[in-house]
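Positions 819 to 1456 (my numbering) are the ones given, in order, by the sequence shown.
Take a look at the structure set out below.
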Amino acid sequence: MTVVISRSDVWSRLIGPTLGDAMAGGLTGVVTVTFALAYAALMFSGPLLPQLGVGLGVTLIGTMVVATIVGLRGSLPFAAAGPDSSSVVVIAVMGSDLAARHSPEVAARHFIVLTVLSTLVSGMVLFALGTLRLGRAVRYTPFPVIAGFMSTIGLLIIASALALANGAPVRLSDWSTVVSAAQNPHLIAGLGFGLIMLIATRLWNGASTTPLLVLVAIIVAHLVRIATGITVEEARASGWLFSGVGEIAFVNPLRHISALAIDWQIIGNNLGYIGVVSLATTLVVLLNETGLEAATGRDIDVDHELRWHGAANLAAGFAGGLVGNISIGRTMLNYQCGARTRLSVFTMVGVLALFVAFSRLVGYLPPFILGGVLLSLGASITQEWLMRSRAKLSHLDYGLVILTAAIGVLGSISFAVAAGLALSCLLFVLACAYSPVICKDYLHPAHGDGRLSPTVQEANSRPESGRLLRIIELQGFIFFGNANRLTERVRQCLMGRGLAVGGALVLDFTRVIGLDSAAVFALSRIQQLIAAAGADLAFVVPTRELAHALKQGGVLGETVPSFQELAHAFEFYEELASVDPAPAIRGERNFVGQLTTKIGVADATAPLLSHPRRREREPFDVSSPGSDERSTSHSTPI
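And the structure:
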């Protein structure tokens, strides 16, 4: 049998997909290199600029390791991973803080150690979350906190981009730095290119827009340099090109961490930054995986992704690399350009390795161009999370976003996240406290003959009409924020004669999902109020957990009626009404009181009571018709 394969079949099945993966991976690799350079320049700027070669090594080795492991072991065969702006900007802020407090040499030495430790700790956190299958639980972080955190990231990227283009931080609190920056041609050029980037990416949202703009800008900058007669050395000396970069230096983490010159007190003072980097990386992984799952229509195991992100960052940390995670932008770029297999991952990593081999080209890059790239990125993040979220949130939630972002920019990012979580919990408690805990509140007449008493007033004016039940159906979670409202409702019910003497109040917990100690205390108080009014208090408790909580708090006991269903409570009081249809006071519920009422003479009961002997009986059961399950128990005192 001869199999004939046409040229079109070879192209469509073999050459075409392979070429598509290779081209998509190559373009994604170029974009990844662009952002890696920008992130390295962002972290190692100002006093740390002489160590930019080390920064490039840390960034590139981390990108290569994380991109390889996540790309080959992740759920998406075309995943593109690497450093992310959320974690990089926190590390950059940490570096600026170190440079402001210590000499450049001390700051650089400890900054490298802290960067590697951030990668290792993030890897351990991600791996632990994935192993314990807690990926879904981390998604419970309130959206206003995430929006505030991402808004902080966007604003800090803008501030760092301005510092990169200006050559020094621009502090709004120091008016002299603002005036000096406004006259700096480097900053003006960076702002101009950032604006061009922002407009171009809005008009042409293509895959090659960013790398083409960067390439054109570099060419134009060198053409202007040549036309003005400025040499490369002069351009580096005046700040138009990176100076003193040298070769890319790779970090040996064990040598740096075990060095005697490391002051561990400095390391301990910056552990908060490491925690924020771990939190940022975890949130970005979860958000990006969720977005990619929706965009590509593929099922993604979040816990699987967390485990391999953890393994990738642990490997990157031991290799002396920067923390990284899957990038939704570069992954979608790879996907839209035709990548469908893991060949694109090999191509992307090959482009990164090729750039490492020609690392001296970094000395020909203008800082203001990378500053413009970061400025455009920060503006996009700020617009997405700070401005567009306004239409999605309530006034309180959006106020929380603004407050979190303000604390993060003016104070500490870790404190901003902690404050945002605390305020979110407070807003949640207030919202639950104002939600109604009472679902229904109505009357149910219990008569032995089935007659109805339509009103409470009629039941009180004609006690012989039967026992009047008041049913309060509860819902939600009863806690300290709303338990007092239930007590006040019962008190108003008693003051307004909403419960007949000898009647009963039935609290139905069928729709209740839980309660705390404050709710148990409130129920004890309700029990006291009902007893003082001469009425009964009964409970409908369908679950063992709620029953255990009530018994533990002393609310449920042997003499307190409790039922599993509300219908059983109705049957019980209907039967009780047929036996004792007209109680006048609560004391007549026992046998002696009922006997005295029937005879009419109190002293006549004494001879009769000398003959019976007390015998203990098990509580009798009241079950619904056709059901053999024990549903409730109630003891009648003798």
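By construction, the Cβ of each residue, glycine as well, lies at the ideal position given by its N, Cα and C atoms.
| Item | Value |
| --- | --- |
| Closer than 8 Å is the cut-off here; do at least three beta carbon pairs connect the region 849 to 867 with the region 1102 to 1109? | no |
| Mark His1386 as exposed unless 16 or more other C-beta atoms lie within 10 angstroms of its C-beta, in which case mark it buried. | buried |
| What would DSSP say about Gly1268, mapped onto helix, strand or coil? | Low local confidence applies: a pLDDT of 41 at Gly1268 is under 50, so the model's placement there is unreliable, with the coordinate-based value given in what follows. DSSP places Gly1268 in coil when its eight states are reduced to three. |
| Give the single residue among Thr881, Leu866 and Ala842 whose Cα lies nearest to the Cα of Phe853. | Thr881 |
| Flag this pair as yes or no: are the beta carbons of Ile1220 and Thr970 separated by less than 8 Å? | no |
| Check whether the region 934 to 950 touches the region 1127 to 1135, counting contact only when three or more Cβ pairs, one atom from each stretch, lie closer than 8 Å. | yes |
| Which term fits Met1015, buried or exposed, when burial requires 16 or more other beta carbons within 10 angstroms of its beta carbon? | buried |
| Is it true that the region 1154 to 1161 meets the region 946 to 958, where meeting means three or more beta-carbon pairs spaced less than 8 Å apart? | no |
| From what residue to what residue does the beta strand (DSSP E) around Arg1020 run? | Premise fails: Arg1020 lies in the alpha helix (DSSP H), Pro1003 to Leu1021, not in any beta strand (DSSP E). |
| May I ask you to report which of helix, strand or coil DSSP gives Asn984? | helix |
| Taking the alpha carbon of Asp839 as the reference point, which residue from Phe1060, Thr1165, Ile909 and Glu923 has its own alpha carbon closest? | Thr1165 |
| Check for me: the beta strand (DSSP E) holding Phe1357 runs from which residue to which? | Asp1354 to Val1358 |
| DSSP three-state call for Thr1450: helix, strand or coil? | Here the model assigns Thr1450 a pLDDT of 40, short of 50, so the residue's position is not dependable, and the following value carries that caveat. Three-state DSSP puts Thr1450 in a strand. |
| According to DSSP, is Cys1311 part of a helix, a strand, or is it coil? | helix |
| Are the C-beta atoms of Leu1245 and some chain B residue less than 8 Å apart? | Any reference to chain B falls outside this structure, which holds one protein chain only. |
| Inspect the CB distances between the region 998 to 1017 and the region 1184 to 1194 and report whether three or more fall short of 8 Å. | yes |
| Are the beta-carbon atoms belonging to Val1050 and Leu1041 less than 8 Å from one another? | no |
| Quick one: what's got a C-beta closer than 7 Å to Val1227's C-beta in the same chain, skipping five residues either side? | Thr970, Leu973 and Leu974 |
| Following the continuous beta strand (DSSP E) through Ala1322, name the residue where it begins and the one where it ends. | Ala1322 to Leu1333 |
| At 4 residues or longer, and completely inside the region 936 to 967: list those alpha helix (DSSP H) runs for me, N to C. | 953 to 956 |
| So what's Arg1178 in DSSP terms, helix, strand or just coil? | helix |
| Quick check: the Cα distance between Val778 and Val963, rounded to an integer number of angstroms? | Past the boundaries of the shown model lies residue 778; the chain is included only from 819 to 1456, so the question cannot be answered. |
| Indicate whether Trp1203 and Ala965 have their beta-carbon atoms separated by less than 8 Å. | yes |
| Arg1054 lies in the alpha helix (DSSP H); which residues open and close that run? | Val1050 to Ala1055 |
| For the structure I just gave you, are there three or more beta carbon pairs, one from the region 914 to 930 and one from the region 1123 to 1130, closer than 8 Å? | no |
| Please report the distance separating the alpha-carbon of Arg1224 from that of Met861. | A quick correction: the sequence has Ala, not Arg, at residue 1224. Roughly 22 Å between the two C-alpha positions. |
| Check each candidate in Phe1388, Gly1332 and Pro987 and name the one with the smallest Cα separation from Ala1365. | Gly1332 |
| If Cys1257 and Leu1292 are in contact, beta carbons under 8 Å, what's the gap, nearest whole angstrom? | 6 Å |
| For the alpha helix (DSSP H) that Glu1123 lies in, which residues bound it at each end? | Val1120 to Phe1136 |
| Would you give the residue range spanned by the alpha helix (DSSP H) that Ala1197 belongs to? | Pro1185 to Thr1200 |
| Given that a residue counts as buried once 16 or more other Cβ atoms are within 10 Å of its Cβ, and exposed if not, what is Pro1379? | buried |
| Tell whether a beta-carbon distance below 8 Å holds between Phe1381 and Leu1368. | no |
| If you run the structure through DSSP and keep just helix, strand and coil, what is Glu1282? | Here Glu1282 scores only 42 on pLDDT, less than 50, and its place in the model should not be relied on; the value that follows carries that caveat. Note: Glu1282 maps to helix in three-state DSSP. |
| Who are the near neighbours of Ala859 in its chain, counting only those whose CB is closer than 6 Å to its CB and skipping five residues on each side? | Leu982 and Leu1188 |
| Can you tell me which residues form a DSSP beta bridge with His1262? | Leu1287 |
| Specify the secondary structure class of Ser1145 as computed by DSSP and reduced to three states. | coil |
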